[in-house]
Structures are given as structure tokens and as C-alpha cells.
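Report on one structure; see the data block that follows.
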Amino acid sequence: MKWVPELQHRKPPLYQAIAEAISDDITSQRLRPGMLMPTHRWLAEQLGVHVGTVTRAYAEAKRRGHLVGEVGRGTYVHTELSGHNDSASDTDIIHLSVNQPAIDFENNAFNEALAELSGRHRLMNLLDYQRAPGREHHRIAGAKWAARTGVNVDPSCITVTNGAQQALMATMLVLAQPDSLVVTESLNYPGIRRLADLLHIRLHGLEMDEHGVIPNGLRDICLKEPVAAIIVTPTIHNPTASVLPAQRRKALADIAAEFKVPIVEDDSYGHLIEDGPPPIHTYAQYDCYYICGTSKSLAPGLRVGYLTAPVHMVDYIINAVRTTTWTTASLMAEIASMWIEDGTADRFVNWHRVETAARQKIAQDILCEYTLSSHPASYHLWLNLPSRWRVADFVLTAKARGVDVTPSSAFSIDPNQLPNAVRISLGAPTSREVMQTGLEIVVKVLQSRPLAQMVVV
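Structure below.
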């Protein structure tokens with residue numbers, strides 16, 4: 080299928096709008112390196128514009144280094160940004176786009192856990208089917224893990240899942256029907272949008288400020304139409320790293336109760352923050368589903384989630400989990416339970432708190448001249464770009480220099496409202512030194528001029 084840009088919400092002039100659509104679609108990989116672009120005449124006919132407009136748009140995209148033309152062959156998406164001799168290969172890329180906790184490579188906890196498991200009698204039981212909601216001692220461990228953040232529930236309310244994402248999917252399967260409305264923050268991690276697309280759910284983004292979501296937005300939308308659920312990440316929000324103040328948490332819970340809107344609280348990062356505000360679950364007067372896990376607070380490969388549901392909804396959640404995966408990974412759940420029970424999990428969390436603070440301090444020092452949203456306990460930060468930079472151009476230029484960052488378009492619930500910002504993840508680099516190198520490259524890109532401004536025609 081030939082490429083046709085989406086222009087309905089872009090600002091004139093039209094040729095500039097087409098060029099910007101090219102930039103954005105390269106960033107989102109709708110346009111891939113080496114792809115043949117439509118002919119000027121064909122695209123002009125599809126858009127109902129003069130062929131000269133398309134010619135001018137392609138020329139603008141070439142000036143930005145996004146397209147290249149070859150006589151007799153047509154116009155192609157450039158395989159790399161022109162104008163940089165230090166373009167990085169994929170193997171040289173420093174990934175500041177993968178949002179994960181750092182890994183303590185000196186920690187032998189995993190080796191020790193496997194050694195302990197190997198010495199147990201009847202270890203093969205872990206290879207048997209584990210039906211939802213999970214083994215009893217795994218649910219008990221999950222209740223203890225939730226209690227670490229202040230959510231005290233009976234283990235019978237806990238369903239063990241294959242990570243927080245599956246917990247979120249199970250909750251949406253229970254609460255939302257196709258075409259029903261679910262509200263969340265105006266910026267949220269990409270998994271929310273993918274899930275909504277998969278389940279044919281409509282999403283509405285609530286306005287945010289530097290503290291997080293603004294509760295009155297929930298009231299406003301509830302007065303207009305029924306809301307199936309609100310999904311909120313109040314602690315170390317992704318991507319902004321904001322922490323919602325306690326009074327706003329209570330306000331959200333009160334409004335949700337007033338309109339009988341179930342709350343889905345994604346507290347994947349809650350264990351990383353010390354002495355944070357109480358979870359929304361503690362204020363809830365109506366149904367609240369509390370999700371926590373291990374992959375964001377202990378280790379990214381330990382994909383175990385714990386979903387706390389209202390007593391009268393537990394069976395529905397169990398059925399949703401059973402329908403999607405039938406069973407959770409017993410070995411992972413067993414290791415998570417061991418670590419929660421013997422204190423290893425708490426030692427992991429303490430290590431992460433030290434590591435996040437150290438990495439954030441390095442980032443703050445390097446990016447001190449720019450506007451950031453961050454938190455000492457967060458493995459990511461939100462960087463507002465200077466006005467001369469467009470997000471798509473910045474992301475492409477940074478990658479050409481050797482650093483991957485994530486554009487705001489990945490997080491925006493409304494694709495027509497894109498902050499001029501990127502998320503920078505600090506946990507994926509294997510060391511603080513590698514992370515620092517990546518951030519120094521980011522600063523060099525910030526200090527440079529966009530390619531379109533560097534080319535003289």
C-alpha cells in the first residue's frame with residue numbers, strides 16, 4: 080500500500096505539513112529506510128493538491144535529510160540522516176529508550192535462588208499447570224508485596240499474573256466492552272494504547288500538570304458520558320516521573336466513587352519510592368484494582384504481577400487471566416515469592432533506590448541547562464526540547480549520533496496533542512558510565528541545530 084500522510088490536524092502551509100508527516104512517520108516506522116515514496120503526481124491526486132505542493136514538500140524533506148532522490152529511480156526514505164559523519168550503527172546505539180530498572184551484575188541472588196530450588200524435593204511440581212489465581216503461597220507473597228506500599232488485603236483478593244501488563248489486560252477485559260470509554264492521563268506508557276486498540280476501547284486523556292493528573296478532569300468527562308474505568312499511574316508516572324500528591328489521590332477516589340467509576344491503579348514503580356503518598360487504593364470508596372509487580376522494582380526479566388481486585392470481582396478477574404494465558408509461570412512466581420519472604424526483594428529495592436538517585440544526579444548535572452521532569456527514585460526523565468527542535472527531527476538526529484530516546488508521540492493519548500518532549504530512560508545502559516556517555520551525546524544534539532537549518536540551498 081502506498082504511503083499517504085494524515086494531514087487533517089496539521090498546521091499550514093501544506094507543503095510543510097507533508098514534510099512534517101514524513102518526519103513523524105519515519106520516527107513511528109510507518110516509513111522505513113529505503114522505502115520508495117509515491118510519485119509527486121500520484122500523491123497530489125490523493126491529497127487533492129497541486130503537484131507543485133508535493134514537489135516542494137519532498138524538497139523540504141530532502142533538506143531535512145529524510146528523503147533522497149535518484150534520477151530514474153524515484154524518491155526514497157533515506158537509510159540514514161545525511162550531514163553526520165559520526166552516524167552510529169545499530170550495534171553502537173546507547174539505548175536510552177528502553178524503560179527498565181538497572182541490573183546489578185554483581186548480585187548473585189538469582190544463582191542462589193536457582194541453587195536453593197534445585198535442592199528441593201518434588202521440584203517438578205513447579206512444571207505442572209498452575210491455574211489462576213495462582214498457588215496459595217504465591218498469593219500470600221503477593222499480598223505481602225502489596226503491603227510494602229500500604230495496600231493491606233487478604234491473599235484471596237490477589238491474582239498472580241505474568242507481569243503487570245497482563246494484569247491490566249485482565250482488568251480491561253472485565254471492566255470494558257468494545258467502544259466503551261476508559262480515561263487515563265493525557266500521557267501514558269504505550270501499552271495502554273496498544274491494549275485499547277486490541278480491545279476496541281476508546282481512550283480519553285485527562286489533563287496533567289507538573290504534579291500529575293488533574294482530578295477535576297475526571298468529573299468533567301463523567302458529566303458528559305459513562306466512563307468504564309480510569310487507569311492511573313500516580314507514583315513515578317511514565318513518562319513524566321511525576322508523583323501525584325496525596326490530596327489529588329483522595330480527590331480522584333472521591334470523584335470515582337461519586338460516579339461509580341472503577342479505578343485501576345498501576346503501581347508498578349511504587350516500591351522504588353521511599354515514604355511516598357499512600358496508594359489511591361487506600362482512599363477508594365468504590366471498586367479499585369491495584370496492580371504491582373516485580374519487573375520494574377526488582378529485575379526486568381522477573382515478570383510477575385499481583386492484581387488486587389474487589390472481593391466481588393475476583394472470580395471475574397480469575398476467568399480473564401485463565402482465558403488469556405491459562406496459567407502463570409510457576410518458576411518465576413516461586414522465585415519472586417522466595418525473595419519477598421526472605422528479604423531479598425527488599426535488598427533489591429534498596430539497591431535500586433541508591434542506583435536511581437545516582438543516575439538521576441548524573442543526568443541532572445549533564446542536563447542542568449534544560450527543563451526536565453524527574454524524580455530521584457525514577458529510572459526515567461521527561462526532557463522538554465528547545466523550541467528550535469521538533470521531536471521527530473531530534474529523535475532521528477540523536478539516533479544518528481548513537482543514542483535512542485523515545486518521542487512524545489509514543490505516549491500521547493491524543494495524537495493531535497504532542498508535547499515537544501522526549502523520554503530518556505536511565506536504567507538500560509549497563510553502567511553509569513555508559514549512561515553518562517549517552518547523555519553527553521544528547522546534550523551535543525540539543526546544542527546543535529536541526530539538520531533542516533544547517534542545509535543551505
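In my numbering, the protein residues as written are 80 to 536. Backbone N, C-alpha and C define an ideal beta-carbon position, used for all residues, glycine too.
Query                                                                                                                                                                                   : Result
If contacts are defined as beta-carbon pairs under 8 Å, then ALA471 and ILE237 qualify, I think. What distance do you get, rounded to the angstrom?                                     : Between ILE237 and ALA471 the Cβ distance is about 43 Å, and since that is not below 8 Å, they are no contact.
Please work out which residues of its chain come closer than 6 Å, Cβ to Cβ, to HIS360, disregarding the five sequence neighbours upstream and downstream, and give them in chain order. : VAL230, GLU344, CYS367 and TYR369
Closer than 7 Å by C-beta to ALA489: which residues in its own chain qualify, once you throw out the five before and the five after it? Chain order, please.                            : PRO269
I need the DSSP call for GLU353, collapsed to helix, strand or coil.                                                                                                                    : coil
Who are the Cβ neighbours of VAL63 in its own chain at under 6 Å, not counting the five residues just before and after it?                                                              : This structure cannot speak to residue 63, because the chain is shown only from 80 to 536.
Write down the C-beta distance between LEU451 and LEU462 rounded to the nearest angstrom, noting that I regard them as a contact closer than 8 Å.                                       : 6 Å
In this structure, does DSSP put CYS301 in helix, strand or coil?                                                                                                                       : helix
In three-state DSSP terms, what is HIS163?                                                                                                                                              : Its pLDDT being 41, under 50, HIS163 is placed unreliably by the model, and the measurement read from it follows with that caveat. Of the three classes helix, strand and coil, the one that applies to HIS163 here is coil, per DSSP.
Leaving out five residues on either side along the sequence, give the residues of the same chain with a beta carbon under 7 Å from the beta carbon of VAL130.                           : HIS119, ARG120 and ALA123
Among the residues of its own chain, which have a CB less than 6 Å from the CB of ALA332, if the five just before and after it don't count?                                             : ILE359, TYR362 and ALA363
What runs of the beta strand (DSSP E), each 3 residues or longer, lie entirely inside the region 284 to 337?                                                                            : 308 to 311
Hey, how far is the Cα of ILE396 from the Cα of ALA388?                                                                                                                                 : 8 Å
So, with DSSP's three-state summary, where would you put VAL482?                                                                                                                        : strand
How would you call LEU160, buried or exposed, if buried means at least 16 neighbouring beta carbons within 10 angstroms?                                                                : Note on LEU160: pLDDT 46, under 50, position unreliable in the model; no value is reported.
Secondary structure at LEU57, three-state DSSP: helix, strand or coil?                                                                                                                  : Any answer about residue 57 is impossible in this case: the structure gives the chain only from 80 up to 536.
Could you compute how far the alpha carbon of ASP550 sits from the alpha carbon of SER176?                                                                                              : Beyond the ends of the chain as shown, which are 80 and 536, falls residue 550; an answer cannot be given.
Helix, strand or coil: which one does DSSP assign to TYR395?                                                                                                                            : helix
According to DSSP, is LEU460 helix, strand or coil?                                                                                                                                     : strand
Residue ranges of each alpha helix (DSSP H) run of no fewer than 4 residues wholly in the region 401 to 448, ordered along the chain?                                                   : 409 to 421 and 423 to 445
So, under 8 Å CB-CB, ASN186 and TYR458 are touching, yes? Tell me the CB distance rounded to an integer number of Å.                                                                    : Actually they do not touch by this definition, with Cβ atoms about 17 Å apart.
Using 10 angstroms around the beta-carbon of LEU110, count the other beta-carbons present and answer buried if the total reaches 16, otherwise exposed.                                 : buried
What residues are listed by DSSP as bridge partners for VAL343?                                                                                                                         : ILE310 and TYR368
From ILE309, MET392, MET417 and PHE184, pick the residue whose C-alpha is nearest to that of ALA194; which is it?                                                                       : MET417
Okay, do the region 196 to 216 and the region 349 to 357 touch, 3+ Cβ pairs below 8 Å being the bar?                                                                                    : no
Compare the Cα-Cα distances from GLY422 to each of MET287, PRO486, ALA188 and THR134 and report the closest residue.                                                                    : ALA188
Per DSSP, what kind of secondary structure is GLY213 in: helix, strand or coil?                                                                                                         : coil
Less than 7 Å separating the beta-carbons of THR407 and GLY213?                                                                                                                         : yes
Assign LEU173 to one of three DSSP states: helix, strand, or coil.                                                                                                                      : The question names Leu, but residue 173 is Ile in the sequence shown. ILE173: strand per DSSP, three-state reduction.
Taking the CB atoms as reference points, tell me whether ALA477 and VAL513 lie closer together than 7 Å.                                                                                : no
Assuming LEU386 and ALA220 make a contact with CB atoms under 8 Å, what is their CB distance in whole Å?                                                                                : Not really, about 14 Å apart at Cβ, beyond 8 Å.
For ARG143, does the three-state DSSP call read helix, strand or coil?                                                                                                                  : coil
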